[in-house]
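Protein chains in written order, with UniProt numbering: chain A, 1 to 280; chain B, 1 to 389. Even glycine gets a Cβ: it sits at the ideal position worked out from N, Cα and C. Worksheet: the structure to be examined is printed underneath.
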Amino acid sequence: MGRLIAAEYRKIFTTKLWWALLIPAAIIALVFAWGGSALGALQDEAETLGGSLPLAFVTFAYGYNFATIFGLIFGATSLTGELRHKTITTSYLTGSSRGAVLAAKLFTYTTIGALYGIICAITGTIGSAIGDEVPAFGAWTQLMLASILVMIMWVLLGVGVGALIGNQVGAVVSLIVYVLVVERVLAPVMNNQGMENVVPYLPYQSAANTTMELAVRLLFGNLPGDLAGDSDTPQVERGIRTVLLLNHVPDWWTNGVIFAVWALVLGIIGWLVARRRDIT
Amino acid sequence: MQDGSGRIVVNNLSKTFGRVNAVQNLSFQVEPGSVTGFLGPNGAGKTTTLRMLLGLVTPTAGHATINGQPFNHLGNPGRVVGAVLEAQGFHPKRSARDHLRVYTAAMGLPDQRADEVLHLVGLREASHRSAGAFSLGMKQRLALATALLGDPQVLVLDEPANGLDPEGIAWLRGFLRSFAGSGRTVLVSSHLLAEIEQTIDQVVIISRGQTMFYGKLDDLRGTQQGQVLVEAGNPEALTNALRGAGLTNISPTQHGNRLAVTGATARQIGDLAFQAGTPIYWLQEERADLEQMFFRLTSGQYSGAPLPGQQPPQQLPPQQMPQQMPPQQYQQGTPSGGFPQQGTPSGGFPQQGTPSGGFPQQGYQQPPPPQQQPPQQGWPQQGGWGGNA
Numbered sequence: 001m002g003r004l005i006a007a008e009y010r011k012i013f014t015t016k017l018w019w020a021l022l023i024p025a026a027i028i029a030l031v032f033a034w035g036g037s038a039l040g041a042l043q044d045e046a047e048t049l050g051g052s053l054p055l056a057f058v059t060f061a062y063g064y065n066f067a068t069i070f071g072l073i074f075g076a077t078s079l080t081g082e083l084r085h086k087t088i089t090t091s092y093l094t095g096s097s098r099g100a101v102l103a104a105k106l107f108t109y110t111t112i113g114a115l116y117g118i119i120c121a122i123t124g125t126i127g128s129a130i131g132d133e134v135p136a137f138g139a140w141t142q143l144m145l146a147s148i149l150v151m152i153m154w155v156l157l158g159v160g161v162g163a164l165i166g167n168q169v170g171a172v173v174s175l176i177v178y179v180l181v182v183e184r185v186l187a188p189v190m191n192n193q194g195m196e197n198v199v200p201y202l203p204y205q206s207a208a209n210t211t212m213e214l215a216v217r218l219l220f221g222n223l224p225g226d227l228a229g230d231s232d233t234p235q236v237e238r239g240i241r242t243v244l245l246l247n248h249v250p251d252w253w254t255n256g257v258i259f260a261v262w263a264l265v266l267g268i269i270g271w272l273v274a275r276r277r278d279i280t
Numbered sequence: 001m002q003d004g005s006g007r008i009v010v011n012n013l014s015k016t017f018g019r020v021n022a023v024q025n026l027s028f029q030v031e032p033g034s035v036t037g038f039l040g041p042n043g044a045g046k047t048t049t050l051r052m053l054l055g056l057v058t059p060t061a062g063h064a065t066i067n068g069q070p071f072n073h074l075g076n077p078g079r080v081v082g083a084v085l086e087a088q089g090f091h092p093k094r095s096a097r098d099h100l101r102v103y104t105a106a107m108g109l110p111d112q113r114a115d116e117v118l119h120l121v122g123l124r125e126a127s128h129r130s131a132g133a134f135s136l137g138m139k140q141r142l143a144l145a146t147a148l149l150g151d152p153q154v155l156v157l158d159e160p161a162n163g164l165d166p167e168g169i170a171w172l173r174g175f176l177r178s179f180a181g182s183g184r185t186v187l188v189s190s191h192l193l194a195e196i197e198q199t200i201d202q203v204v205i206i207s208r209g210q211t212m213f214y215g216k217l218d219d220l221r222g223t224q225q226g227q228v229l230v231e232a233g234n235p236e237a238l239t240n241a242l243r244g245a246g247l248t249n250i251s252p253t254q255h256g257n258r259l260a261v262t263g264a265t266a267r268q269i270g271d272l273a274f275q276a277g278t279p280i281y282w283l284q285e286e287r288a289d290l291e292q293m294f295f296r297l298t299s300g301q302y303s304g305a306p307l308p309g310q311q312p313p314q315q316l317p318p319q320q321m322p323q324q325m326p327p328q329q330y331q332q333g334t335p336s337g338g339f340p341q342q343g344t345p346s347g348g349f350p351q352q353g354t355p356s357g358g359f360p361q362q363g364y365q366q367p368p369p370p371q372q373q374p375p376q377q378g379w380p381q382q383g384g385w386g387g388n389a
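See below:
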């Protein structure tokens, strides 16, 4: 297994895709954290409130939902790229079993997902520091750790769906359309149809809500002096949660568990399907 | 556990894709120390069979083993079997060396092995170039290098000559001979018998997914008796004399008074004609022709419509084909070259004392040792080697 994992790393690092997709993800994390941080530190506002508003929590979490798409695409190319270039034949001919080759792939891509998440956490922190300052260290670290886990799950989900679909273009396009269009339309419609308790169980919703719910929670837990004790603050938080469709959403970690189940289930299904697929 | 024999056993293998029976109940065995040709026309099921042997396609029925084990029980299969398959590829942006290093890692080999095999197949100079920029022949060499990485005991090649230049083909033949000569096993598929005739010891011929012949090449030759074509001044008298001598397998040919006599030698017929008092104007001995037999064994599948004035080969009495089908008609799709030539100035077949269009009957040249191939060997570069089953 160690040999197959080493082979997978060589496959990844001898081509350019891994950094070509990592760069935009890292830039998005940086820009959104920077913007939120700078916005929260506008001088008049900060003077009125008695301190900077840690908006970077929420803007980072919002932008991160776009950054994760690059991790998802990277995952989706793992097996489909081999099918497309027909290197899968050699991979299967040199591995002890298909199951082992695919398991090595899942493991390797999980670690690359962690790399993506860590790099985005670093650039997000840098962006936040450029805008104003990094918000409360413990809270910020918590959000970063959650975002790294979400990225890992996205990459894993991408590997699974790619293995399931097989065709590279088909897998990448389906995933992008689903994430950027289908759920963004479906979620508000379902909310209006009285299915707001179902919506958090959709894969993209559960992923986005993991970081978003945590970010909103951390934002209101780390308000500057005057706002922290204000009697209107709980009402403002409810209002913001309504705008962000977080009203009926469970705790951030529950969302994380739901999304992890999605990623694991799709990863395993992809593994099972790819194990049986004839390579012709 | 593996028995270490290097033997390939294919046992009642069948594969159905939807309604198509790609392979039906195929059985054969490939012995170590020999090169076995796996022959059949395009679409006969060769590639599917090889892929089932290599665990890439799951058989509908039957099984195939290498070293007494199915492929997925070989442990580190790259150390046992190397394969060059048609649907085997390279990432276009990955260099040849990096490509090989992926698989040295997978097999647990030292990285210098990648450079060794690149040197072996003559790609050392191109090792840092992207595989996407390679020519077809270079890709084929890289595929062979990949197959040889694990220093395997068994080599499986699907139409390996595709895209190789004449020098490359000659090199490949020599390589396969010496590979098998060291006691290892080679199974090589082709849709052209002439392409691998001098390389192989035994042959499996399939058509429509079924085995048509399996055995030694010499045994295949032995299945068909040679014949003698004779033109006598008095055919009736000669026929009677032949019958009197127990030679009853006599058939007229389309060519005037000529007779085709099976199971006799030219000398016998000359003696009998002399006793019968009839002159002989023309006499020719024809030996069994592998190419013809290959046509007969595999005829019918996906055959094209006959050209004007040409009868489809499978409808001809096989013994008479050389007369009725001038060699040029076999060269459709081979615009230049044709078959290996030895001193035949214009696109013909190698002829050995046969006045009318003979087919290759004996080895034209012994396979040379690797990389010592005289350049003048005329192998077709295009067309004739193309396609795949």
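**Request:** Check the Cβ-Cβ distances between I279 of chain A and every residue of chain B, and say whether any is below 8 Å.
**Result:** For the purposes of this step, residue 279 of chain A is taken as residue 279 along the first sequence, with counting starting at 1. So, interface residue.
**Message:** Please report the straight-line C-alpha distance between A145 of chain B and M107 of chain B, rounded to a whole angstrom.
**Reply:** By one-based count along the second sequence, residue 145 of chain B stands at place 145. By one-based count along the second sequence, residue 107 of chain B stands at place 107. Straight-line Cα distance between these residues: approximately 14 Å.
**Asked** Is it right to say Q329 of chain B is buried, meaning 16 or more other beta carbons lie within 10 angstroms of its own, or is it exposed?
**Response** Position 329 of the second sequence, counting from 1, holds the residue named residue 329 of chain B. Unreliable placement is indicated for Q329 of chain B, whose pLDDT of 33 sits below 50; the coordinate value is still reported in the next sentence. Exposed: under 16 other Cβ atoms inside 10 Å.
**Item:** chain B residues whose Cβ lies nearer than 8 Å to that of H85 of chain A
**Value:** For the purposes of this step, residue 85 of chain A is taken as residue 85 along the first sequence, with counting starting at 1. Near H85 of chain A (Cβ distances below 8 Å), the residues of chain B are G89, F90, H91 and P92.
**Asked** By a C-beta neighbour count over all protein chains shown, 10 Å radius and 16 as the cutoff for buried, is E125 of chain B buried or exposed?
**Response** By one-based count along the second sequence, residue 125 of chain B stands at place 125. E125 of chain B should be labelled exposed.
**Prompt:** Thinking C-alpha only, which one of A:Y62, A:T77 and A:Y92 is nearest G75 of chain B?
**Reply:** For the purposes of this step, residue 75 of chain B is identified with residue 75 of the second sequence, where counting begins at 1. Measuring from the Cα of G75 of chain B, the nearest candidate turns out to be A:Y92.
**Request:** Identify every run of the beta strand (DSSP E) within the segment 124-166 of chain B, keeping only runs that are complete inside it and at least 3 residues long; order them along the chain.
**Result:** 154-158
**Prompt:** Is it right to say E47 of chain A is buried, meaning 16 or more other beta carbons lie within 10 angstroms of its own, or is it exposed?
**Reply:** Here residue 47 of chain A refers to the residue found at position 47 of the first sequence. With fewer than 16 Cβ atoms within 10 Å of its Cβ, E47 of chain A is classed as exposed.
**Request:** For S128 of chain A, name the three-state secondary structure that DSSP assigns.
**Result:** On the first sequence, position 128 is the one that residue 128 of chain A refers to. Looking at S128 of chain A - three-state DSSP - the assignment turns out to be helix.
**Item:** Backbone CA spacing between N192 of chain B and L283 of chain B [nearest angstrom]
**Value:** The residue labelled residue 192 of chain B in the question sits at position 192 within the second sequence. The residue labelled residue 283 of chain B in the question sits at position 283 within the second sequence. The identity of residue 192 of chain B in the sequence shown is Leu, whereas the question assumes Asn. About 31 Å.
**Request:** Please work out which residues of its chain come closer than 6 Å, Cβ to Cβ, to N72 of chain B, disregarding the five sequence neighbours upstream and downstream, and give them in chain order.
**Result:** Taking the first residue of the second sequence as position 1, residue 72 of chain B is located at position 72. Correct list, in chain order: G55.
**Prompt:** Since L4 of chain A meets chain B, which of its residues come closer than 7 Å, beta carbon to beta carbon?
**Reply:** If you number the first sequence from 1, residue 4 of chain A lands on position 4. The answer, in chain order, is A106.
**Asked** Should Y130 of chain B and G62 of chain B be called a contact, given that it needs their Cβ atoms to be closer than 8 Å?
**Response** Numbered from its first residue, the second sequence carries residue 130 of chain B at position 130. Numbered from its first residue, the second sequence carries residue 62 of chain B at position 62. According to the sequence shown, residue 130 of chain B is Ser rather than Tyr. For S130 of chain B and G62 of chain B, no; Cβs fall outside 8 Å.
**Item:** Nearest candidate by alpha-carbon position, reference L246 of chain A, set A:N197, A:Y178, A:I88 and A:A76
**Value:** Position 246 of the first sequence, counted from the first residue, corresponds to residue 246 of chain A. That would be A:N197, whose Cα lies nearest to the Cα of L246 of chain A.
**Request:** Using a threshold of 8 Å, state whether the C-beta atoms of G6 of chain B and P32 of chain B are closer than that.
**Result:** What you label residue 6 of chain B is simply residue 6 of the second sequence in a count that begins at 1. What you label residue 32 of chain B is simply residue 32 of the second sequence in a count that begins at 1. Result yes, Cβ atoms of G6 of chain B and P32 of chain B sit closer than 8 Å.
**Request:** Give the straight-line distance between the Cα atoms of I227 of chain A and L115 of chain A, rounded to the nearest whole angstrom.
**Result:** Position 227 of the first sequence, counted from the start, is the residue given in the question as residue 227 of chain A. Position 115 of the first sequence, counted from the start, is the residue given in the question as residue 115 of chain A. The sequence shown places Leu at residue 227 of chain A, rather than the Ile named in the question. For L227 of chain A and L115 of chain A, the distance between alpha carbons rounds to 37 Å.
**Request:** Would you list the one or two residues that DSSP bridges to P282 of chain B?
**Result:** The count along the second sequence starts at 1 and reaches residue 282 of chain B at position 282. Strictly speaking, residue 282 of chain B in this sequence is Trp, with Pro absent from that position. Per DSSP, B:E231.
**contact_flag[the segment 213-231 of chain B, the segment 193-205 of chain B] where n(CB pairs < 8 Å) is 3 or more** = Yes, the segment 213-231 of chain B is in contact with the segment 193-205 of chain B.
**Message:** For a test of the three-state rule: what should DSSP assign to V185 of chain A, helix, strand or coil?
**Reply:** Working through the first sequence from its first residue, we reach residue 185 of chain A at position 185. The answer is helix: DSSP assigns V185 of chain A an H, G or I state.
**Prompt:** If you measure from the beta carbon of G95 of chain A to each beta carbon in chain B, is any gap under 8 Å?
**Reply:** Residue 95 of chain A sits at position 95 when you count from the first residue of the first sequence. Yes, contact with chain B.
**Message:** Per the DSSP calculation, T262 of chain B is bridged to which residue(s)?
**Reply:** Indexing the second sequence from 1 puts residue 262 of chain B at position 262. Looking at the DSSP assignment, T262 of chain B forms a beta bridge with B:Q227.
**Chain-ordered neighbours of R10 of chain A on chain B, where CB pairs are closer than 8 Å** = If you number the first sequence from 1, residue 10 of chain A lands on position 10. Simply D98, R101, V102 and A105.
**Prompt:** For H191 of chain B, is the beta carbon positioned less than 7 Å from some heavy atom of the ligand ZN?
**Reply:** The ligand ZN is absent from the structure shown, which contains no ligands of any kind.
**Request:** Kindly indicate if chain A contains any beta-carbon less than 8 Å away from that of G387 of chain B.
**Result:** Counted from its first residue, the second sequence places residue 387 of chain B at position 387. Confidence is the limiting factor: at G387 of chain B the pLDDT is only 36, short of 50, which leaves the residue's position unreliable, though a coordinate-based value still follows. It does not; no Cβ of chain A falls within 8 Å.
**Request:** Can you give me the Cβ contacts of V58 of chain A inside the same chain, cut-off strictly under 7 Å, excluding the 5 residues immediately before and after it?
**Result:** As a position in the first sequence, residue 58 of chain A is number 58, starting the count at 1. Cβ neighbours of V58 of chain A beyond the five flanking positions: G36, A215, V216 and L219.
**Message:** Which same chain residues end up closer than 6 Å to E285 of chain B when comparing Cβ atoms and leaving out the 5 residues on each side of it in sequence?
**Reply:** Stepping through the second sequence from its first residue, residue 285 of chain B is reached at position 285. So the list reads V228 and A266, once near-sequence residues are dropped.
**Request:** Can you tell me which of B:W171, B:A133, B:Y281 and B:E86 puts its alpha carbon nearest to the alpha carbon of G122 of chain B?
**Result:** Within the second sequence, numbered from 1, the residue matching residue 122 of chain B stands at position 122. When only C-alpha atoms are compared, the closest one is B:W171.
**Prompt:** Whose Cβ in chain E lies nearer than 7 Å to the Cβ of G75 of chain B?
**Reply:** The structure shown has no chain E; the protein chains it does contain are A and B.
**Asked** Which chain A residues sit within Cβ distance under 8 Å of T146 of chain B?
**Response** In the second sequence, the residue the question calls residue 146 of chain B occupies position 146. Per Cβ cutoff of 8 Å: T90.
**Asked** By Cβ distance below 8 Å, which residues in the same chain neighbour G215 of chain B in space, the five residues on each side in sequence not counted?
**Response** Here residue 215 of chain B corresponds to residue number 215 of the second sequence, with the count starting at 1. These residues qualify, in order along the chain: Q202 and V203.
**Asked** Does DSSP put M190 of chain A in a helix, a strand or coil?
**Response** To locate residue 190 of chain A, count along the first sequence from 1; it is residue 190. M190 of chain A falls in the helix class under three-state DSSP.
**Request:** Output yes if chain A places a C-beta closer than 8 Å to the C-beta of R258 of chain B; else output no.
**Result:** Start at 1 with the first residue of the second sequence, and residue 258 of chain B comes out as number 258. R258 of chain B is outside the set of residues whose beta carbon lies under 8 Å from a beta carbon in chain A.
**Request:** Could you check how far apart the C-beta atoms of S190 of chain B and L50 of chain B are, in whole angstroms? I think they sit under 8 Å.
**Result:** Mapped onto the second sequence, residue 190 of chain B falls at position 190. Mapped onto the second sequence, residue 50 of chain B falls at position 50. The beta carbons of S190 of chain B and L50 of chain B sit about 12 Å from each other, so the pair does not count as a contact at 8 Å.
**Item:** Inter-residue spacing [alpha-carbon to alpha-carbon] between E231 of chain B and N257 of chain B
**Value:** Here residue 231 of chain B corresponds to residue number 231 of the second sequence, with the count starting at 1. Here residue 257 of chain B corresponds to residue number 257 of the second sequence, with the count starting at 1. Their Cα atoms are separated by approximately 6 Å.
**Item:** Burial state of I23 of chain A (16 or more Cβ within 10 Å)
**Value:** One-based indexing of the first sequence puts residue 23 of chain A at position 23. Result: exposed.
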